[in-house]
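Residue numbers (my numbering), protein chains in the order written: chain W, 6 to 202; chain S, 185 to 266.
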């Protein structure tokens, strides 16, 4: 089922590096280009147009449907995962004007299969596992002794730090297929987070 | 800025953006990281603002509205996937 206009307006759609790579491949552009043209929040969210509609919404629905992000695949479900690897789902209230067909006889498992969501959920989980490790590392690095130094120097360094982060989250350096790109990207990110590179 | 501090801030930036892309909500204790990364106001930075609460380790993957703060949610437990 193609997504319908009501659910593609005034929404926040997050995209992780795997989803960025899938969308970039769909459009035939580099991930660097995709991040610059189609995302906000340092590449974390899709950019909407002036009417607050998804930029991939065309006259006949989603223009990137085969490579749409997981939040689009799951809608009207939401997926929750914590650092204990517990997973659960909740149901969102569909838009009042939504013309989607909803039933009560299906199962979540069947729905996920129909929406081809597995590769996306596995990718999200692999990045989440990295994120939990990075958060632990960050907690360990916080000592308080650098505060004054940070206050004095940060204004000059901010743009460089954000720019370096955008490059770090960008998989363009790996000219492989999307799945291989993701594995290599995660390996490099892991090495960097642990101070090995 | 010494190398250690720079690495810590770079790691904070990575955690912030990767977390956002995965639907990990940022709590108040982590807002300090966003504050100095996105708004450039380092004056209010405290040493404990680099610390992250373990309660923020939850990813919510949903297409949520920018207008409503909450949505009507009915939880389906994992063992009810049938």
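Where a beta carbon is used, it is the ideal one built from N, C-alpha and C, also for glycine.
Does the beta carbon of residue 60(W) come closer than 9 Å to any beta carbon on chain S?
-> Counting from one through the first chain, the residue named residue 60(W) turns up at place 55. No, residue 60(W) does not count as interfacial toward chain S.
Since residue 194(S) meets chain W, which of its residues come closer than 9 Å, beta carbon to beta carbon?
-> Looking up residue 194(S) in the second chain gives position 10. Here the neighbours are 166, 169, 170, 173, 197.
Under 9 Å between C-beta atoms of residue 139(W) and residue 198(S) = Sequence index remark: in the first chain, residue 139(W) carries index 134 (1-based). Sequence index remark: in the second chain, residue 198(S) carries index 14 (1-based). It is a contact, given that the beta carbons lie within the stated cut-off.
Under the DSSP definition of a beta bridge, which residues are partnered with residue 77(W)?
-> Against the first chain, residue 77(W) aligns to sequence position 72. DSSP output for residue 77(W) lists no bridge partner at all.
Measuring alpha carbon to alpha carbon, tell me which of 19(W), 42(W), 47(W) ends up nearest residue 174(W).
-> Translated into the one-based positions of the first chain, residue 174(W) becomes position 169. Checked all of 19(W), 42(W), 47(W); the closest Cα to residue 174(W) is 47(W).
Any 3 or more C-beta pairs closer than 8 Å across the region 80-94 of chain W and the region 55-63 of chain W | no
Express the C-alpha separation of residue 144(W) and residue 189(S) in angstroms, rounding to a whole number.
-> Locating residue 189(S) in the second chain gives position 5, where the first residue counts as 1. Locating residue 144(W) in the first chain gives position 139, where the first residue counts as 1. C-alpha separation (whole angstroms): 13 Å.
Taking only beta-carbon positions, decide if residue 88(W) is within less than 9 Å of chain S.
-> Residue numbering aside, residue 88(W) sits at position 83 when the first chain is read from its first letter. Yes - at least one Cβ of chain S is within 9 Å of the one on residue 88(W).
Endpoints, the beta strand (DSSP E) within which residue 244(S) is located | Counting from 1 along the second chain, the entry for residue 244(S) is found at position 60. Run containing residue 244(S): 242-245, per the beta strand (DSSP E) assignment.
Where the alpha helix (DSSP H) through residue 115(W) begins and ends | Residue 115(W) sits at position 110 when you count from the first residue of the first chain. Note, residue 115(W): alpha helix (DSSP H), 113-119.
Where does residue 60(W) fall in DSSP's three states?
-> Along the first chain, read from residue 1 onward, the residue named residue 60(W) stands at position 55. Coil.
Beta-carbon of residue 246(S) versus every beta-carbon of chain W: anything under 9 Å?
-> Residue numbering aside, residue 246(S) sits at position 62 when the second chain is read from its first letter. True, the Cβ-Cβ gap to chain W drops below 9 Å.
Can you tell which of 109(W), 195(W), 90(W), 137(W) has its C-alpha closest to the C-alpha of residue 96(W)?
-> In the first chain, the residue the question calls residue 96(W) occupies position 91. The option with the nearest alpha carbon to residue 96(W) is 109(W).
Which residues in the same chain have their Cβ closer than 7 Å to the Cβ of residue 129(W), if we skip the five residues on either side of it in sequence?
-> Taking the first residue of the first chain as 1, we reach residue 129(W) at position 124. Within the same chain, residue 129(W) has close Cβ partners 21, 75.
Three-state class that DSSP yields for residue 183(W) in the structure shown | What you label residue 183(W) is simply residue 178 of the first chain in a count that begins at 1. Helix at residue 183(W).
Any C-beta of chain S under 9 Å from that of residue 20(W) | One-based indexing of the first chain puts residue 20(W) at position 15. True, the Cβ-Cβ gap to chain S drops below 9 Å.
Does any residue of chain S bring its CB to less than 9 Å from the CB of residue 189(W)?
-> Taking the first chain and counting its residues from 1, one reaches residue 189(W) at position 184. So no, residue 189(W) is outside the interface.
is_contact[residue 162(W), chain S] using C-beta, thresh 9 Å = Along the first chain, read from residue 1 onward, the residue named residue 162(W) stands at position 157. Yes - at least one Cβ of chain S is within 9 Å of the one on residue 162(W).
Considering only residues of the same chain and omitting the five flanking positions on each side of residue 113(W), which have a CB-CB separation below 6 Å?
-> Counting from 1 along the first chain, the entry for residue 113(W) is found at position 108. Same-chain partners within the cutoff: 94.
If you draw a straight line from the C-alpha of residue 245(S) to the C-alpha of residue 201(W), how long is it?
-> Against the second chain, residue 245(S) aligns to sequence position 61. Against the first chain, residue 201(W) aligns to sequence position 196. For residue 245(S) and residue 201(W), the distance between alpha carbons rounds to 31 Å.
Integer-rounded CB distance, given that residue 201(S) should sit under 8 Å from residue 49(W) = Locating residue 49(W) in the first chain gives position 44, counting from the first residue. Locating residue 201(S) in the second chain gives position 17, counting from the first residue. That belief holds up - the Cβ atoms of residue 49(W) and residue 201(S) are roughly 5 Å apart, short of 8 Å.
Leaving out five residues on either side along the sequence, give the residues of the same chain with a beta carbon under 6 Å from the beta carbon of residue 85(W).
-> In the first chain, the residue the question calls residue 85(W) occupies position 80. 93.
May I ask you to report which of helix, strand or coil DSSP gives residue 29(W)?
-> In the first chain, residue 29(W) corresponds to position 24, counting from 1. Three-state DSSP puts residue 29(W) in a helix.
Have a look at 36(W), 137(W), 165(W), 17(W) and flag the residue whose alpha-carbon is nearest the alpha-carbon of residue 90(W).
-> Numbered from 1 along the first chain, position 85 holds the residue referred to as residue 90(W). Of the residues 36(W), 137(W), 165(W), 17(W), the one whose Cα lies closest to the Cα of residue 90(W) is 137(W).
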